[in-house]
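In the numbering used here, the protein residues as written are 74 to 141.
Structure, rendered in structure tokens:
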């Protein structure tokens, strides 16, 4: 997959999250932190492929969210 197609998929995901009023809870609770849920040894690339998405109105209910 090319960088352009990955960027297009990321943009589509971001648009869908906004359209449905969802929030990436881990990112909300860790705005500056870098962490990853997947490592591709073949490409030596870390990625965050798992998301905990929740309705924006319910974010206040989440007390903790971590990776690992």
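Heads up, the beta-carbon is just placed ideally off N, CA and C, and yes, glycines get one too. Owing to the predicted nature of the structure, the values given are computational and were not obtained by experimental measurement.
Subject >> Close Cβ partners of residue 99 (< 6 Å) along its chain, the five nearest in sequence each way excluded >> reply: Closer than 6 Å at Cβ, skipping near neighbours: 125 and 138.
Subject >> Backbone secondary structure at residue 124 - three-state DSSP >> reply: DSSP places residue 124 in coil when its eight states are reduced to three.
**OP:** With a cut-off of 8 Å on the beta carbons, I'd call residue 127 and residue 95 a contact; round off their distance for me.
**Re:** The Cβ separation is near 7 Å, so the contact holds.
Original post:
In three-state terms, what does DSSP make of residue 131?
Top reply: helix
**OP:** Take residue 109 and list the residues in its own chain whose beta-carbon comes closer than 7 Å to its own, dropping the five residues that flank it on each side.
**Re:** Excluding residues within five positions, the ones whose Cβ falls inside 7 Å are 119, 120 and 121.
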